[in-house]
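Colleague: Handing you this structure, nothing more for now.
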Amino acid sequence: MLVYPHILRHHDDLTQRIVGQTIEPEFTATFHFNAHAKVTKLEQHVDFAGAFFQLLRKAQDVATLLDGALISPFSELGLDPQGTMAESALTRGSKQLSLKFILL
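Residue 161 in the numbering used here sits at position 73 of the sequence shown, and the numbers go up by one each step.
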């Protein structure tokens with residue numbers, strides 16, 4: 089699964105700097121509850137920019153990496169082996185969203 093295929097084609101130096109590396113982005117989840125203690129909204133945020141800045145140390149390199157990244161609004165990442173967007177949890181009718189990812 090590829091999340092950043094654009095760097096493979098156009099940024100070999102950047103590719104070499106992230107292949108084999110591990111990032112640990114900060115993740116926050118905010119749950120909103122109604123008067124009946126039911127979750128009515130879930131907001132999630134993954135700080136990929138901050139994690140990649142710690143690795144790459146240059147804002148321009150982080151911008152290049154994240155510009156064109158295959159990350160859906162539902163935190164689903166990447167391409168399947170056939171090169172098409174990964175099947176969305178919404179298109180499957182699933183209520184479970186995953187946050188599995190592989191950098192390259």
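Idealized CB from N, CA, C, for every residue including glycine.
What do you get for F140, buried or exposed, if any count of 16 or more other CB atoms within 10 angstroms of its CB means buried?
Modeller: Locating residue 140 in the sequence shown gives position 52, where the first residue counts as 1. It is buried - the Cβ of F140 has at least 16 other Cβ atoms within 10 Å.
Colleague: Applying the criterion that 16 or more other CB atoms from any shown protein chain within 10 Å of the CB defines a buried residue, is E164 buried or exposed?
Modeller: As a first step, residue 164 must be located in the sequence shown, where it is residue number 76. Buried.
Colleague: Starting from the C-beta of T152, find all residues in its chain whose C-beta is less than 8 Å away, skip the five residues before and the five after it, and write them out in chain order.
Modeller: Sequence index remark: in the sequence shown, residue 152 carries index 64 (1-based). Excluding residues within five positions, the ones whose Cβ falls inside 8 Å are I95, H99 and L102.
Colleague: Thinking just about the alpha-carbon of each residue, which of S160, R97 and A117 is nearest to the one in L130?
Modeller: By 1-based counting over the sequence shown, the position of residue 130 is 42. The candidate whose alpha carbon is nearest that of L130 is A117.
Colleague: With a threshold of 7 Å, establish whether the CB of A137 neighbours any heavy atom of the ligand FAD.
Modeller: The model depicted lacks the ligand FAD and carries no ligand whatsoever.
Colleague: Suppose the cutoff is 7 Å on Cβ atoms and the five residues either side in sequence are ignored; what does the same chain contact list for D135 look like?
Modeller: As a working mapping, residue 135 is identified with position 47 in the sequence shown. The beta carbon of D135 lies closer than 7 Å to those of P113 and E114 in the same chain, with the five residues before and after it left out.
Colleague: How is the alpha helix (DSSP H) around Q142 delimited, first residue to last?
Modeller: Against the sequence shown, residue 142 aligns to sequence position 54. Residues F136 to L144.
Colleague: Cα-Cα, which of I106, G166 and P161 is closest to R145?
Modeller: Residue numbering aside, residue 145 sits at position 57 when the sequence shown is read from its first letter. Considering only alpha carbons, the answer is I106.
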